[in-house]
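Novice: In our numbering, the protein residues as written are 6 to 338. To start, I am sharing the structure in question, which I have written as C-alpha cells.
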Amino acid sequence: MRRCIQLARLAEGSTYPNPMVGSIVVYKGKIIGEGYHERAGKAHAEINAINSVEDKSVLEESEIFVSLEPCAHFGRTPPCALRLAEIKFKRVIIGCTDPNEKVAGKGIEILRAAGISVTQGILEEECRELNRRFFTYHQKKRPYIVLKWAQSSDGFIDQNHQPYQIGNAFTRQMVHRMRAEEQAILVGKNTAINDNPSLTVREVAGRNPVRILLDSKLAVAENFKVFNDEAPTLVFNSVKNDERGSVRFIKTESLNLDEIIEELYNNEIQSVMVEGGGHILGNFIRRNLWDEAVNIKRPDLHLHSGTPAPDFPFSPLKTEIFGNNTVEFYRNK
Ligand code: AOF
Ligand code: ZN
C-alpha cells in the first residue's frame with residue numbers, strides 16, 4: 006500500500022477533480038504490475054496496473070492493491086470494480102473507501118457480490134491524507150482551503166498600503182510548489198490591482214492553478230496579469246455572466262463568503278489557496294473556513310505601518326527557517 010501511495014503521488018496536482026490513486030498487482034509475493042491515475046479522463050490506477058502486467062495469464066492467481074476503493078460507475082471511464090470482478094483476482098486490498106456518492110461502498114459491494122475476497126482499511130489514514138482535498142470536497146461539500154500570507158515582524162502585510170516583498174527566493178519557490186498542488190488560487194480585486202500578480206507557477210515544474218478573482222464591480226482592467234492566458238480565470242462578480250478566451254465571468258448576488266464557497270463547489274473546485282488580501286483572509290479565519298495555513302514571516306523586518314496581518318490566534322504545527330524568512334505551518338484540526 007505504501008508503494009501505491011508513492012505511485013499515486015507521481016500525479017500530485019494533476020488529477021483534479023479526480024483523486025490521486027496508485028495500484029499494484031502482486032503475484033506470489035512479488036510486484037508484477039504498477040500503475041497510477043495520471044489525470045481526469047485517463048485510465049484509472051487499477052487499469053494501468055493491470056495493463057502493465059506482461060503475463061496476463063497469472064492475473065487470476067494474483068492480488069491487486071489500490072489506495073482508493075475501485076469505482077463502481079460509468080464516468081469518463083467504465084467501472085473498475087467490474088473489471089476486477091471479471092478478472093477474478095484472488096484478493097483486492099483497498100486503502101480507503103471512496104467518499105464520492107457515485108462510488109462510496111458500491112465498488113466493494115460489486116467485488117464481494119462477485120465472490121472476490123476484499124480487505125479494506127490498509128494504511129487508511131495515509132490514504133485519506135493523500136486525498137484530503139478530494140475527501141473534504143465530497144464530505145463537507147466545499148473546497149479544501151489553504152490560507153497563505155506574509156507579514157513583517159511588527160505584523161503588517163504591506164508598507165503604508167503599498168506592496169512590499171516580504172518573501173525571499175526560497176519561500177517564493179515553496180509558494181509556487183504549493184500553488185502547483187492546489188486546484189485553484191483565490192485573490193480579491195485589491196490584491197489583483199495593487200500587486201498585479203500572475204498567480205502562476207514559475208519557480209518549479211508544475212501545473213498552473215485555476216485563478217479565482219473576487220471582483221464584484223469588475224474593477225480589474227483587462228491588461229492585469231490575472232487575465233493573461235497562462236491559466237484559466239474565473240471572475241466572481243455581480244455584473245455579468247460571460248466568457249472570453251481563458252476568462253469566465255460568473256455572476257453571483259453579493260459575493261459573501263457563503264456564496265463564494267457555493268460557487269467554488271458548483272464549479273468543481275476541490276481545493277483553493279487563498280492568497281489575500283488581508284480582509285478576505287480575515288473573513289475565512291473568522292468563519293473558521295480553513296484547513297491549512299502558511300504564514301511567512303521576516304523577523305528582521307519592521308514596516309511600521311500598513312495593512313495589518315489577519316488575527317490568527319493558533320499554534321503552528323511546525324516552523325521552518327528559509328534564509329531570512331521563518332515559515333509557520335498550521336493545520337485546522
Ligand atoms: C479508482 N481509481 O484511479 C480513480 C478513481 O470520471 P471518472 O470516470 O474518471 O471517475 C472519477 C471518479 O472515480 C472519482 O471522482 C473517484 O470517485 C473515482 N476515481 N477511482 O478506483 C482511480 N481516479
Ligand atoms: Zn475506476
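Even for Gly, the Cβ is constructed at its ideal location relative to N, Cα and C.
1. Does the ligand ZN have even one heavy atom less than 7 Å from the beta-carbon of H309?
2. Return the first residue and the last residue of the beta strand (DSSP E) that V209 is part of.
3. Which residues does DSSP list as the beta-bridge partners of P313?
4. For P24, is the beta carbon positioned less than 7 Å from some heavy atom of the ligand AOF?
5. Please list, in chain order, all residues of the same chain as Q144 whose beta carbon is under 7 Å from its beta carbon, the five residues on each side excluded.
6. Buried or exposed for V97, going by 16 or more other Cβ atoms inside 10 Å?
7. Start and end of the alpha helix (DSSP H) containing I92?
8. Given a cut-off of 8 Å, decide if Q275 and Y21 are closer than it, judged by their beta-carbon atoms.
9. Since A298 and F161 are thought to touch, with beta carbons under 8 Å apart, how far apart are those beta carbons, to the nearest angstrom?
10. Closer than 7 Å: is that where the CB of L73 sits relative to any heavy atom of the ligand AOF?
11. In angstroms with no decimal places, state the Cα-to-Cα distance between G172 and S28.
12. Do L218 and T205 have their C-beta atoms closer together than 8 Å?
13. Any heavy atom of the ligand AOF within a distance shorter than 7 Å of the CB on C9?
14. Quick one: is P24 buried, meaning 16 or more other Cβ sit within 10 Å of its Cβ, or exposed?
15. Do you know how far the Cα of R137 is from the Cα of V215?
16. Tell whether a beta-carbon distance below 8 Å holds between D296 and Y142.
17. For a quick check, are the C-beta atoms of A109 and A90 less than 8 Å apart?
18. Between R336, T331, I290, A174, which has its C-alpha nearest L322's C-alpha?
19. Taking 8 Å as the threshold (C-beta atoms), are I37 and V30 in contact?
20. Which residue's Cα is closest to the Cα of A224: L308, F254, T324?
21. Going by DSSP, name the residue or residues bridged to F5.
22. Do I99 and V123 count as a contact pair if the criterion is CB distance below 8 Å?
23. What span of residues does the alpha helix (DSSP H) with T141 cover, start to end?
24. Taking Cβ positions only, does Y41 come closer than 8 Å to chain D?
25. In whole angstroms, what is the alpha-carbon distance linking A174 and N329?
26. Please go through the segment 193-255 and give each complete alpha helix (DSSP H) segment of 4 or more residues, from N-terminal end onward.
27. Looking only at its chain, what residues have a beta carbon closer than 6 Å to the beta carbon of R182, apart from the 5 residues adjacent to it on each side?
28. If you measure from each CB to the nearest heavy atom of the ligand ZN and keep those under 5 Å, what residues do you get, in chain order?
29. Taking 7 Å as the line, does the beta carbon of H166 fall inside it for any heavy atom of the ligand AOF?
Specialist: To lay it out plainly:
1. no
2. Careful: V209 lies outside any beta strand (DSSP E) and carries neither H nor E.
3. F161
4. yes
5. P104
6. buried
7. 85-92
8. yes
9. Not confirmed; about 18 Å, so no contact.
10. yes
11. 39 Å
12. no
13. no
14. buried
15. 19 Å
16. no
17. no
18. R336
19. yes
20. F254
21. Given a span of 6 to 338 for the chain in the structure shown, any question on residue 5 remains unanswerable.
22. yes
23. 137-145
24. In the structure shown, chain D does not exist; there is a single protein chain.
25. 10 Å
26. 194-199
27. V209
28. H49, C76, C85
29. no
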